[in-house]
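Q: Protein chains in written order, with the numbering used here: chain C, 1 to 849; chain B, 1001 to 1236.
Backbone N, C-alpha and C define an ideal beta-carbon position, used for all residues, glycine too.
Keep in mind it's a predicted model, so treat the numbers as computed, not measured.
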Amino acid sequence: MSSLLGALVLGPLRGNLPRALVTLVAVALGVAIGLAIDLANATAIASFASSVDIIANHVNLQVLGVGRGFDERAILRVAALSGVESAQPAIEDAVTVGARPSDPFSGEILRVLGVDLLQPLPGDAPPQTQQRVDPNVLVNGHGAFVSARIARRFGWRGGQTVHALAGDREVTLRIAGILPRETTGIDSTVVFVDVATAQELFGKIGLLDRIDVVADPARVAAVERALTAVIPPGARVIRPTVRTAEIARMLQSFRLNLSALAWVALLVGMYLIYNTVAISVVQRRPEVGTVRALGATRGAVFRAFLAEGALIGVAGSLLGLGLGALLATLSVGAVSRTVDTLYVASHADRVAYDPLLFLKAFVLGVAASILAATFPALDAASTAPAITMRTQGFEGRRPRFAPRAALAGVGCLALALLCTRAPAFDGVPLFGYLAGLLVIFGGSLCAPLAVAALARTTNALAARRPTLALAAANLAGAPLRTSVAVAALMIAIGMMVAVAVLVASFRTTIVTWADETLSADLFVRPEGAAAASSDAAFSNTVVARIRAVPGVAEIDTFRALTVPFRGRLTNLGATDLSVLAVRNHLRLLGGADPVVLSRTVPGTTNVLISEPFATKFGVGPGDRIALPTPSGTVTFTVAAVYNDYSSDAGIVLIDSRTYRRLFHDGSVDSIAIYAAPRTDLVHLRTAVLRAVAPLRIDVVTNRELRDLVVRIFDRTFAITYALDVIAITIAVLGVVSTLFALVLERRREFGMLRYLGVRTRGVRATVLTEAAGIGLLGGILGVAVGMLLALLLIFVINRQAFGWLIELHVPWAFLGETILLVVLAAVLAGVYPAGVAARIRTADAVRAE
Amino acid sequence: MRSSREAGAPPSARVDPVAVREVVKVYGTGADAVRALDGVSLDLAAGAMVALVGPSGCGKSTLLNLIGCVDLPTAGEVRVDGQATTALDDDALTLLRRDRVGTVFQFFQLLPALRVADNVALPLVLQRVARDEIDVRVSAALASVGLQEKARAYPAELSGGQQQRVAIARATVHRPAILLADEPTGNLDSQTGATVLRLLRAFADAGQTILMATHSDAAAAICDRAIRMQDGRIVG
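In structure tokens form, the structure reads like this:
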């Protein structure tokens, strides 16, 4: 076996080093981008988990409130329970640092954790510092501990007073201590304050967000039951891991889709490995024949070529792990920004290098390489010695191969269609992803027929153009190899087209939705940090002060909270639903009558639900849903479903009167202002800002808010373009590799052509024409497959994973440009191989046999 | 349309298709230099069929390369159809080869991706001859080697002898001034080899000048004369 490996694989690999390196780099890129995205996703999740770990190393139960929190006196009942070893109060909120007026993306959100800093904390990770800290500063002087990392970023020093925004109020903190870098178990993005300070900062006097409980490990279940009986209404008892799991589930669709997109790059890399090994098999047929004639078994030949795939896989994957770890530092920023904007504050600032993810990436890279090498290895093993010893053309002719492959391809597409009918599996569109793979394989299987058709067409057009005729003949002469290069390009382009069509459709849908639903003239938010993760609420007096401003005709308020529902986190929104009849700013579905709703919903437990909520939880009008409130668990009745794109976690919309009654909370997060007729909006904006001064708020016009919606949207999808570029790079490497192999293989033929009188530029033109042919087919098939994938993404995967209903919008001009660019990229990829072909020495090449 | 004569002067009855004068060919430099040809002179008259014989490494292939315009002499002069090859740049040399030289190789060297007819048509396609004329001439060339019925086959579907006959059709379809044959029977059994030799003889009898490098006595015997080479020199 080892000598076979040397004879059939290692030696020739050394001889074809540039091509082997191209394949290796392609695998490395595929593994790297998959790993980078996985690491970024895991880091986002880990940042939630770490908030529990910060002080809760030994905490095994938590009491969590809903909304503004629960009465702090609950801790006395909790601490008194038998089996409770320790009960610590906690406030969890956030401040914004560095926000600038009128810049919604300015400022950084810092999570603030209010704990009892005067008590010894459970476990081994309290905020310890070398400095001596005055207890009075901690309790009464807004003292805060920050990590060395935060201190460095903002240039803070011990003893310094710093400014931040808590909602719309400017607050001050005094840096009581800087946690040394070597402090372990501490999330470096969290600011620690005493619980009393936190209550004051966030207007939660007498309230707690949670209680961390250390229960006797032997009696956790009993303590959990006992806690349930003494905690306030609406609060719940959970084990710390459950909370992280809830957040992970909320991000599940986002993470899965991003990962799927990233691992497509490895799929493209697989085609390259297939091609590389297939080329090896064809090039070494005489050697295979010799060793088979000498007594090597089919199994030994099979294993030797499989080992080639494995070798490239191992080397490429190892390189990919290093590259992926580097790329992760870039992707973590992009992913956590999106999570912050759309979901909850993640604060992932350092990559969590999970060894299991490295192992997964390595195993996937090697397995994909071996799988890709299996078919050509089987081909090598199944060829009889008598045939392999004969000198023959590059690829044996396989009559009717192309139509048969295309038929199988159509079969795959039909199966894909069937898969689209299947429902999601536990919220994951498994069959949707399977349909995507089937579309990719179906398209790939159609490639040989497309190559044959292009070759025929080119040949017909090439009556008096020898380079065209030769290129056509060469494409047709190596249908399998050409098809694999075309297919690899097709997948990469298909992915790009699919994402482009999805983004264009989604963008158009969102713009139309924003146009229809954002009808107010001015919108008010706390300053800075336009993110869903920002929990900033207005002070109590703001609504009344704005309402009194001359020129304000009416205002709508909105309050949003995160609530648990059926093991996931979802959103609860409160607004005045009595205005639905006069100002229907919701797109109601199913023919719901806004006039009727405006009478039947306000003040009751009837609610509206967003479409993603309906899809995700499978509920609809007439269904009843139970949600925790500070007044206890309340059963609400779904009155109608409305179209919404603001959160894929779903929204339950209740009337603000009901909210105030059940949640004992009068605060609001955002305010929409309707101006009186003929009011100058610029003056009105100034008047509103003046009316609430010195509170820090941002007032944006209708147009500005719509622009902001689009900006957030574009920011969210920025990373997908980066993934596209990498997949296309891999595919173009595939074109280089294929052409290079074709040139080396046909060295004798090119020599012959030169002998017959083809000039060097003719040889060059032939190779470049082939490159353009591969590019053209890859582009056309890519657009076709991309359109199918886009339909799948829009109408199946996004619908099942996020609940979005997106209207199809095809960016035709972009698709045309894509095909042109792909042809250009393919021609560029052909420049080097064409140069190699042109430099072949005529006499040597023809003489060699 | 470009003329098939564009690259070289029109053949003249007074000009020998091949004239080689005191040609030296050295590969490598310094101590590694190998003198493959050492003062070789040779004239081939139109219609002659000449065998080039001698042991391996004696310089037969090097001489064929120089006459076939794929290589240039280190010293001396090679004239093909009256044109000195050393005076031509790579493009002009290519065109001279395209228009005035035909070559038959030991291993046939057909392009596997092209059908038989397209292989034969290649020299005419490169000369940009009109399609109709190509069809007529390819058909005639295949008829002359007895393979008309194989026009649509691929090379891999033919026997070795058939492939060599296709190669001969390709080498003659554009009516070259000189047909070079490098061990044309070296890869064939004796019976098939004899068929190929008879075919070449028939072309020579029809006026085609042929220079054939061979180890085979049978091949040499069918020629008008045999030139013997040894160590880069003509010795008889």
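Using a Cβ cut-off of 9 Å, which residues of the region 1079 to 1100 of chain B contact any Cβ in chain C, in chain order?
A: Under the 9 Å Cβ criterion, the region 1079 to 1100 of chain B contributes Asp1090, Asp1091, Thr1094, Leu1095, Leu1096, Arg1097, Arg1098 and Asp1099.
Q: Establish whether the CB of Thr1192 (chain B) and some CB of chain C are separated by less than 9 Å.
A: For the purposes of this step, residue 1192 (chain B) is taken as the residue at position 192 of the second sequence. No, no contact with chain C.
Q: From Gln1240 (chain B) to Gly1186 (chain B), what distance separates their C-alpha atoms?
A: No answer is possible for residue 1240 (chain B): the residues shown for chain B start at 1001 and end at 1236.
Q: Specify, as a first and last residue, the run of the beta strand (DSSP E) that Asn643 (chain C) falls within.
A: The residue labelled residue 643 (chain C) in the question sits at position 643 within the first sequence. Looking at the DSSP string, the run of the beta strand (DSSP E) that includes Asn643 (chain C) is Gly632 to Asn643.
Q: Kindly indicate the opening and closing residues of the beta strand (DSSP E) around Pro89 (chain C).
A: For the purposes of this step, residue 89 (chain C) is identified with residue 89 of the first sequence, where counting begins at 1. Val84 to Val97 is the span of the beta strand (DSSP E), which, as asked, contains Pro89 (chain C).
Q: Can you give me the start and stop residues for the beta strand (DSSP E) that Arg624 (chain C) sits inside?
A: Within the first sequence, numbered from 1, the residue matching residue 624 (chain C) stands at position 624. First-last of the beta strand (DSSP E) with Arg624 (chain C): Arg624 to Thr629.
Q: Can you give the beta carbon distance from Ser317 (chain C) to Val366 (chain C), rounded, assuming they're within the 8 Å contact cut?
A: Start at 1 with the first residue of the first sequence, and residue 317 (chain C) comes out as number 317. Start at 1 with the first residue of the first sequence, and residue 366 (chain C) comes out as number 366. About 5 Å; that satisfies the 8 Å criterion.
Q: Pull up the distance between the alpha-carbon of Leu608 (chain C) and that of Glu308 (chain C), whole angstroms please.
A: Looking up residue 608 (chain C) in the first sequence gives position 608. Looking up residue 308 (chain C) in the first sequence gives position 308. Distance between the alpha carbons of Leu608 (chain C) and Glu308 (chain C) is about 59 Å.
Q: Short of 6 Å in beta carbon distance, which residues of its chain neighbour Ala1226 (chain B), apart from the five on each side in sequence? Order them along the chain.
A: Taking the second sequence and counting its residues from 1, one reaches residue 1226 (chain B) at position 226. So the list reads Ala1051, Val1053 and Ala1220, once near-sequence residues are dropped.
Q: Three Cβ pairs or more, each shorter than 8 Å: is that satisfied between the region 1190 to 1207 of chain B and the region 1125 to 1136 of chain B?
A: Short answer: they don't touch.
Q: Go through the region 532 to 578 of chain C residue by residue and report every complete run of the alpha helix (DSSP H) that reaches 4 residues or more, in order.
A: Listed in chain order, the complete alpha helix (DSSP H) runs (minimum 4 residues) inside the region 532 to 578 of chain C are 542 to 547.
Q: Output, in sequence order along the chain, the residues in the region 451 to 483 of chain C whose CB is closer than 7 Å to any CB in chain B.
A: So the close ones are Ala463, Arg464, Pro466, Ala469, Ala473, Asn474, Ala476 and Gly477.
Q: Can you give me the Cβ contacts of Ala151 (chain C) inside the same chain, cut-off strictly under 6 Å, excluding the 5 residues immediately before and after it?
A: Within the first sequence, the letter at position 151 stands for residue 151 (chain C). Closer than 6 Å at Cβ, skipping near neighbours: Ile178.
Q: Leaving out five residues on either side along the sequence, give the residues of the same chain with a beta carbon under 8 Å from the beta carbon of Leu684 (chain C).
A: Start at 1 with the first residue of the first sequence, and residue 684 (chain C) comes out as number 684. Closer than 8 Å at the Cβ level, and outside the excluded window around Leu684 (chain C), lie Asp521, Leu522, Val549, Gly551, Val552, Ile673 and Ala675.
Q: Is the CB of Leu437 (chain C) under 9 Å away from at least one CB in chain B?
A: For this step, residue 437 (chain C) is matched to residue 437 along the first sequence. It does not; no Cβ of chain B falls within 9 Å.
Q: Should Val834 (chain C) and Leu768 (chain C) be called a contact, given that it needs their Cβ atoms to be closer than 9 Å?
A: The count along the first sequence starts at 1 and reaches residue 834 (chain C) at position 834. The count along the first sequence starts at 1 and reaches residue 768 (chain C) at position 768. Residue identity check: residue 834 (chain C) is Ala in the sequence provided, not Val. Yes, the Cβ-Cβ distance between Ala834 (chain C) and Leu768 (chain C) is below 9 Å.
Q: Take the Cβ of Phe425 (chain C) as the centre, count every other Cβ of all protein chains shown within 10 Å, and call the residue buried at 16 or more, exposed below.
A: The count along the first sequence starts at 1 and reaches residue 425 (chain C) at position 425. Burial call: exposed.
Q: Kindly list the residues whose CB is nearer than 7 Å to the CB of Thr850 (chain C), restricted to its own chain and excluding five residues on each side of it in sequence; keep chain order.
A: With chain C represented from 1 up to 849, any question about residue 850 (chain C) goes unanswered, as that position is not in the structure.
Q: May I ask you to list the residues that DSSP assigns as paired with Ala215 (chain C)?
A: Here residue 215 (chain C) corresponds to residue number 215 of the first sequence, with the count starting at 1. DSSP lists C:Val84 as partners of Ala215 (chain C).
Q: Output yes or no for whether 9 Å exceeds the beta carbon distance between Leu824 (chain C) and Phe358 (chain C).
A: For the purposes of this step, residue 824 (chain C) is identified with residue 824 of the first sequence, where counting begins at 1. For the purposes of this step, residue 358 (chain C) is identified with residue 358 of the first sequence, where counting begins at 1. Cβ distance not < 9 Å, so Leu824 (chain C) and Phe358 (chain C) don't count as in contact.
Q: Residues of chain C with CB under 8 Å from Gln1163 (chain B), in chain order?
A: As a working mapping, residue 1163 (chain B) is identified with position 163 in the second sequence. Ordered by position in chain C, no residue passes the 8 Å Cβ test against Gln1163 (chain B), which lies about 11 Å from the chain.
Q: Report back the beta-carbon spacing between Asp1231 (chain B) and Ala1048 (chain B) to the nearest angstrom; my notes put them in contact at under 8 Å.
A: Here residue 1231 (chain B) refers to the residue found at position 231 of the second sequence. Here residue 1048 (chain B) refers to the residue found at position 48 of the second sequence. Going by Cβ atoms, the distance from Asp1231 (chain B) to Ala1048 (chain B) rounds to 25 Å, so no, they are not a contact pair.
Q: Would Leu1124 (chain B) and Leu470 (chain C) be called neighbours here (beta carbons separated by less than 9 Å)?
A: The residue labelled residue 1124 (chain B) in the question sits at position 124 within the second sequence. The residue labelled residue 470 (chain C) in the question sits at position 470 within the first sequence. No, these two residues do not count as a Cβ contact at 9 Å.
Q: What residue does the beta strand (DSSP E) around Ile231 (chain C) start on, and which one ends it?
A: Indexing the first sequence from 1 puts residue 231 (chain C) at position 231. Taken as a continuous stretch (DSSP letters only), Ile231 (chain C) belongs to no beta strand (DSSP E), as it is neither H nor E.
Q: What do you get for Arg100 (chain C), buried or exposed, if any count of 16 or more other CB atoms within 10 angstroms of its CB means buried?
A: As a position in the first sequence, residue 100 (chain C) is number 100, starting the count at 1. So Arg100 (chain C) ends up on the exposed side.
Q: Please confirm if Thr1103 (chain B) has its CB atom under 9 Å from at least one CB of chain C.
A: The count along the second sequence starts at 1 and reaches residue 1103 (chain B) at position 103. Judged by the 9 Å Cβ criterion, Thr1103 (chain B) is in contact with chain C.
Q: Give me whichever residues DSSP pairs with Ala402 (chain C) in a beta bridge.
A: The residue you call residue 402 (chain C) lines up with position 402 of the first sequence. Per DSSP, none; premise fails for Ala402 (chain C).
Q: What number of angstroms, rounded off, separates the C-alpha of Ser1061 (chain B) from the C-alpha of Arg1098 (chain B)?
A: The count along the second sequence starts at 1 and reaches residue 1061 (chain B) at position 61. The count along the second sequence starts at 1 and reaches residue 1098 (chain B) at position 98. Between Ser1061 (chain B) and Arg1098 (chain B), the C-alpha separation is close to 19 Å.
Q: On the DSSP bridge list, what partners appear for Ile178 (chain C)?
A: Position 178 of the first sequence, counted from the start, is the residue given in the question as residue 178 (chain C). DSSP, once it has assigned bridges, lists C:Val146 as partnering Ile178 (chain C).
Q: On the DSSP bridge list, what partners appear for Ala1226 (chain B)?
A: In the second sequence, residue 1226 (chain B) corresponds to position 226, counting from 1. Paired residue(s): B:Ala1051.
Q: Kindly indicate which three-state DSSP category Val439 (chain C) falls into: helix, strand or coil?
A: In the first sequence, counting from the first residue as 1, residue 439 (chain C) sits at position 439. Looking at Val439 (chain C) - three-state DSSP - the assignment turns out to be helix.
Q: Any Cβ of chain C within less than 9 Å of the Cβ of Ala1075 (chain B)?
A: Against the second sequence, residue 1075 (chain B) aligns to sequence position 75. Chain C contact via Cβ: absent.
Q: So Arg169 (chain C) packs on Ser667 (chain C), CB below 8 Å; how close in whole Å?
A: By one-based count along the first sequence, residue 169 (chain C) stands at place 169. By one-based count along the first sequence, residue 667 (chain C) stands at place 667. That belief does not hold up - the Cβ atoms of Arg169 (chain C) and Ser667 (chain C) are roughly 12 Å apart, past 8 Å.
Q: Would DSSP call Ala1206 (chain B) helix, strand or coil?
A: If you number the second sequence from 1, residue 1206 (chain B) lands on position 206. In the structure shown, Ala1206 (chain B) sits in coil (DSSP, three-state: anything other than H, G, I, E or B).
Q: Consult DSSP for Gln1083 (chain B) and reduce its assignment to one of helix, strand or coil.
A: To locate residue 1083 (chain B), count along the second sequence from 1; it is residue 83. Strand.
Q: Residues in its own chain within less than 6 Å of Gly830 (chain C) by CB, not counting five upstream and five downstream?
A: Along the first sequence, one-based indexing puts residue 830 (chain C) at 830. Cβ within range, chain order: Leu739, Val767, Leu768 and Ala771.
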